[in-house]
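Protein chains: 4
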Amino acid sequence: MKTSLFSSILSRRISLAEIFVPCNVGHLRDALGGHACMRNAAYSTGGQNFAATGSIMDRIFAPYTVYKGKAALSLTPVLPTFTKLESGNGLRVDRRGNMMMKFWPAIGERKYDWEKRQLFALSATEIGAFISLGPTDSCEFFHDPSMKTSNAGQVRKSLSIKPHQDGSGYFISLSVVNNLLKSMDRITVPVTTAEFAVMKTACSFALPHIMGWDRYTSHQRPRVGENPSKVNPQMLDSEWDR
Amino acid sequence: MKTSLFSSILSRRISLAEIFVPCNVGHLRDALGGHACMRNAAYSTGGQNFAATGSIMDRIFAPYTVYKGKAALSLTPVLPTFTKLESGNGLRVDRRGNMMMKFWPAIGERKYDWEKRQLFALSATEIGAFISLGPTDSCEFFHDPSMKTSNAGQVRKSLSIKPHQDGSGYFISLSVVNNLLKSMDRITVPVTTAEFAVMKTACSFALPHIMGWDRYTSHQRPRVGENPSKVNPQMLDSEWDR
Amino acid sequence: MKTSLFSSILSRRISLAEIFVPCNVGHLRDALGGHACMRNAAYSTGGQNFAATGSIMDRIFAPYTVYKGKAALSLTPVLPTFTKLESGNGLRVDRRGNMMMKFWPAIGERKYDWEKRQLFALSATEIGAFISLGPTDSCEFFHDPSMKTSNAGQVRKSLSIKPHQDGSGYFISLSVVNNLLKSMDRITVPVTTAEFAVMKTACSFALPHIMGWDRYTSHQRPRVGENPSKVNPQMLDSEWDR
Amino acid sequence: MKTSLFSSILSRRISLAEIFVPCNVGHLRDALGGHACMRNAAYSTGGQNFAATGSIMDRIFAPYTVYKGKAALSLTPVLPTFTKLESGNGLRVDRRGNMMMKFWPAIGERKYDWEKRQLFALSATEIGAFISLGPTDSCEFFHDPSMKTSNAGQVRKSLSIKPHQDGSGYFISLSVVNNLLKSMDRITVPVTTAEFAVMKTACSFALPHIMGWDRYTSHQRPRVGENPSKVNPQMLDSEWDR
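Protein sequences, first through last, are from chains A, B, C and D. Note that full-length UniProt numbering numbers the first sequence so that position 67 is 67, with each residue one more than the last. Note that full-length UniProt numbering numbers the second sequence so that position 159 is 159, with each residue one more than the last. Note that full-length UniProt numbering numbers the third sequence so that position 199 is 199, with each residue one more than the last. Note that full-length UniProt numbering numbers the fourth sequence so that position 146 is 146, with each residue one more than the last.
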């Protein structure tokens with residue numbers, strides 16, 4: 001199986017005033033044959049806003065890192081942010097979470113150059129492709145951080161995951177072609193079956209958190225008997241109403 | 001494997017005064033050959049009551065949504081509600097949770113008609129069928145929201161999940177035949193293997209929450225040494241007593 | 001694969017003053033060929049004590065129940081209880097948790113006789129056997145609630161899980177032979193693949209909670225920088241010390 | 001598949017002032033053919049510091065233990081510790097967690113000698129190897145607690161997991177060769193398929209906690225709208241910045 005995804009990312013802030021949040025999904029091989037280029041609210045950036053909420057999200061530093069001969073690779077979950085509904089009656093996902101992969105090259109024995117790190121943020125659906133990889137499967141994801149801006153196509157990132165021929169693990173590679181900086185980087189980190197198992201287990205654990213679904217829990221809600229104020233009947237969808 | 005389930009839903013409120021809660025399970029192919037048409041307390045609606053508790057359940061908006069050429073599909077967990085026991089000594093599931101699937105058609109490039117959305121609420125057991133689907137399996141669920149009312153059979157909903165022939169994902173279709181409105185809708189959304197992996201992982205995560213089992217956790221209980229008041233010995237069942 | 005477990009349960013309270021807690025494991029086919037009949041602290045009962053802590057554990061009522069033509073079956077997790085260490089510096093599992101299965105027969109169409117219910121409490125290891133069952137596997141567990149008392153052998157319970165021949169699910173049967181009451185009961189409930197998937201997913205979710213491992217979480221511990229008082233160096237085992 | 005890992009452990013405290021934490025990974029068969037001997041901050045010990053934080057980590061006693069004819073084996077998760085960032089704006093993993101395995105021999109019928117216990121602390125990656133073991137796979141891990149000290153090579157520990165020939169479970173063996181004490185111990189515990197399923201499920205559950213990823217949860221963060229103070233822009237990495 002070869003999975004190929006193409007995530008087109010908007011660099012401008014998408015209004016989330018609509019009732020639904022566009023999901024961070026885009027791919028070249030649409031099963032209906034369409035060319036739908038999906039909107040992605042997950043990575044919309046708003047300058048100051050990002051700095052503010054970003055700092056909240058990044059407060060825990062517990063990356064899973066593998067150090068190899070030529071480079072290092074770390075995984076860190078980034079949680080979504082929420083905004084209050086104007087009705088005052090709920091929270092809605094504002095910026096979706098992701099699994100941040102960081103690659104940085106070795107510059108000597110057990111020395112690594114953090115300044116040369118390259119980043120790739122896996123969306124929920126890309127995590128889905130990642131955790132469903134079989135031992136002989138490979139996959140590749142493409143990101144264009146500048147899509148739909150005047151710089152579209154200037155920076156192209158591609159993450160590929162390929163199995164070792166002897167089945168003992170995978171090669172994980174990040175390629176970054178930056179026409180603006182006239183640079184081209186490729187960092188490859190081999191991971192063992194055991195390390196990959198950690199990544200898959202940890203990503204499966206983190207996925208619902210990245211989606212914001214850890215908020216759907218009985219523990220966080222008002223106790224039984226409490227009266228919710230300002231019920232907005234527009235929001236109450238029941239299967240039986242339609 | 002072809003799984004076929006038929007959930008008969010009561011539209012009236014079932015009394016939960018009994019010690020046990022009827023589970024949301026019904027299916028055509030009963031292994032004992034019976035024609036048992038199971039009661040389902042999960043979706044019982046009580047007008048005002050539903051509005052009140054529904055608003056509590058719906059306060060988090062973090063759907064997983066896939067936008068495709070002809071339609072969009074979102075999944076959102078809906079948590080159960082609890083009522084206090086009359087003895088004051090516990091909580092019992094009142095309305096069971098579900099996984100709400102929403103379908104709405106495209107009406108142009110990247111434009112979708114939210115007003116035409118159709119809903120289908122997967123019960124715990126239907127989620128069980130969903131998450132155990134293999135790559136070549138299909139399944140179909142049937143709901144009659146008006147069952148056991150004078151409108152029984154007037155609205156028939158059917159959700160089907162069928163694999164792509166090339167193994168690259170699934171078609172998820174919702175058909176709604178509404179004799180009252182003389183309408184017939186069918187919305188199909190193709191999902192990739194990666195998107196389906198997200199749905200399965202997220203549904204597996206959400207299932208215990210939908211069942212109310214996230215309440216069974218050491219953290220929520222009184223600290224060791226605290227005295228529970230009003231112990232109701234009727235409720236204390238031990239294997240060794242019988 | 002046919003797994004056969006035999007859990008011998010002590011009916012007297014086992015002292016837990018030792019540093020380790022005997023685990024609820026016993027089985028006929030010991031891989032070393034021994035006949036070790038394991039101690040089981042999990043179900044030790046202490047009359048009043050059980051009533052007191054039992055009421056804490058049973059305060060949530062969210063069973064997963066399947067109603068079939070001839071009988072009904074429900075699963076409910078039972079959490080462990082903890083006692084404070086005498087040093088005041090920790091909590092130790094006192095009574096281990098289990099997955100309580102309850103069976104009760106039908107006495108008419110959609111009518112069930114709760115008074116005739118029979119119970120079987122799956123230990124952590126029996127849950128392990130349950131969740132690792134493949135589609136064609138079967139297993140059987142044996143319990144003697146009165147083991148090591150003068151009534152040993154008087155009551156014998158056996159739970160068996162066998163696949164349907166067409167692979168569409170399992171038969172779950174509980175047999176109870178009670179020589180004291182001169183009674184012999186056998187209740188069988190067929191479960192579909194979907195229902196079994198719910199049970200497996202829910203049991204996998206519940207297992208760490210039943211073991212008390214949900215207590216091992218960063219969130220519950222003192223904040224960084226807080227000083228733990230009364231450090232008991234006896235308890236601090238490091239791999240490097242031995 | 002035969003997996004062989006070699007974890008080299010530093011006995012001195014590693015400075016964690018760098019932005020990244022070296023991960024507890026080391027193995028003989030580096031896929032790139034290198035001989036990279038990875039640093040491991042996870043088990044660094046700092047005397048008093050360890051005692052202090054260790055007592056916090058060890059406060060819950062809920063081991064999963066199997067008692068067999070010749071020896072007993074228990075598993076207990078050990079959580080990581082965190083330190084506050086100097087900026088006051090976050091927490092960073094200080095000491096990584098592990099899965100502590102303890103072996104102790106039988107000295108009679110149902111009597112075990114706790115004083116002769118031997119310990120082996122599985123790192124995150126070793127847990128990854130453990131939980132991805134298939135029914136016919138085996139694996140072996142090597143630890144040298146004194147590596148990079150003058151006592152390097154004096155104590156060698158090796159944990160091996162091998163399947164029973166009939167597929168009914170595994171043998172788990174710990175060998176400890178201590179040249180300083182002129183001692184050589186080998187303790188083997190057979191575990192059934194059911195017991196191994198408990199270990200795998202429990203280790204999969206515990207892995208994210210051991211990695212500190214249970215801290216990445218929406219519930220622990222400031223409410224939406226709260227202002228984080230002292231945002232350190234150095235820490236805010238976005239995929240789009242590089």
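Note that CB positions come from ideal geometry on N, CA and C, so glycine has one too.
Residues that residue i contacts on chain E, provided the C-beta gap is smaller than 8 Å
i	result
residue 208 of chain A	Here chain E cannot be found, since the structure's protein chains are A, B, C and D.
Beta-carbon proximity of residue i to residue j, cut-off 8 Å
i	j	result
residue 131 of chain A	residue 201 of chain B	yes
residue 171 of chain B	residue 190 of chain B	yes
residue 62 of chain D	residue 215 of chain C	yes
residue 82 of chain D	residue 187 of chain D	no
residue 99 of chain C	residue 77 of chain C	yes
residue 106 of chain A	residue 70 of chain A	yes
residue 175 of chain D	residue 157 of chain D	yes
residue 192 of chain D	residue 173 of chain D	no
residue 141 of chain D	residue 119 of chain D	no
residue 101 of chain B	residue 75 of chain B	yes
residue 205 of chain B	residue 213 of chain A	yes
DSSP state of residue i mapped onto helix, strand, coil
i	result
residue 147 of chain A	coil
residue 239 of chain B	helix
residue 94 of chain C	strand
residue 162 of chain C	strand
residue 109 of chain A	coil
residue 116 of chain A	helix
residue 135 of chain B	coil
residue 181 of chain D	coil
residue 87 of chain D	coil
residue 310 of chain C	Residue 310 of chain C is absent from the model: chain C starts at 1 and stops at 242.
residue 186 of chain B	strand
Nearest-angstrom beta carbon gap, residue j and residue i [assumed within contact, 8 Å]
i	j	result
residue 195 of chain C	residue 93 of chain C	Actually they do not touch by this definition, with Cβ atoms about 31 Å apart.
residue 97 of chain A	residue 198 of chain B	That pair is no contact at about 13 Å.
residue 60 of chain B	residue 91 of chain A	6 Å
residue 149 of chain C	residue 209 of chain D	The Cβ separation is near 40 Å, so there is no contact.
residue 180 of chain A	residue 151 of chain A	7 Å
residue 143 of chain B	residue 239 of chain A	7 Å
Proximal chain B residues relative to residue i, where beta-carbon distance stays under 8 Å
i	result
residue 153 of chain A	Those within 8 Å of residue 153 of chain A in chain B number zero; the least Cβ separation is about 20 Å.
residue 124 of chain A	64, 198
residue 140 of chain C	Per Cβ cutoff of 8 Å: no residues; residue 140 of chain C is ~16 Å from chain B at best.
Where residue i meets chain D, residues with beta-carbon distance less than 7 Å
i	result
residue 217 of chain C	209, 214
Chain-ordered neighbours of residue i on chain D, where CB pairs are closer than 9 Å
i	result
residue 75 of chain C	Under the 9 Å cutoff, chain D gives no residues; its nearest Cβ is about 16 Å from residue 75 of chain C.
Where the alpha helix (DSSP H) containing residue i begins and where it ends
i	result
residue 194 of chain A	193-210
residue 128 of chain C	124-131
Neighbouring residues, chain A, relative to residue i (Cβ below 7 Å)
i	result
residue 93 of chain D	61, 62
residue 129 of chain B	Residues of chain A passing the Cβ test: none, with the nearest at roughly 17 Å.
residue 120 of chain B	239
residue 98 of chain D	Ordered by position in chain A, no residue passes the 7 Å Cβ test against residue 98 of chain D, which lies about 13 Å from the chain.
Residue interval of the beta strand (DSSP E) (run including residue i)
i	result
residue 71 of chain D	71-78
residue 83 of chain D	81-84
residue 216 of chain D	Run containing residue 216 of chain D: none; DSSP gives neither H nor E here.
residue 65 of chain B	64-67
residue 167 of chain B	Counting along the chain, residue 167 of chain B falls outside any beta strand (DSSP E), and DSSP gives it neither H nor E.
Within chain B, partners of residue i - CB distance below 7 Å
i	result
residue 163 of chain C	Simply none; closest approach about 11 Å.
Proximal residues of chain C, C-beta to C-beta of residue i below 7 Å
i	result
residue 179 of chain B	Here the premise fails: no neighbours, minimum Cβ distance about 27 Å.
Neighbour list for residue i in chain A, Cβ cutoff strictly below 9 Å
i	result
residue 115 of chain D	Neighbours of residue 115 of chain D on chain A: none; closest Cβ ~33 Å, over 9 Å.
residue 183 of chain D	Near residue 183 of chain D there are no residues of chain A at all, since even the closest Cβ is about 30 Å away, more than 9 Å.
Listed by chain order, chain C residues near residue i by CB distance under 9 Å
i	result
residue 158 of chain B	Under the 9 Å cutoff, chain C gives no residues; its nearest Cβ is about 16 Å from residue 158 of chain B.
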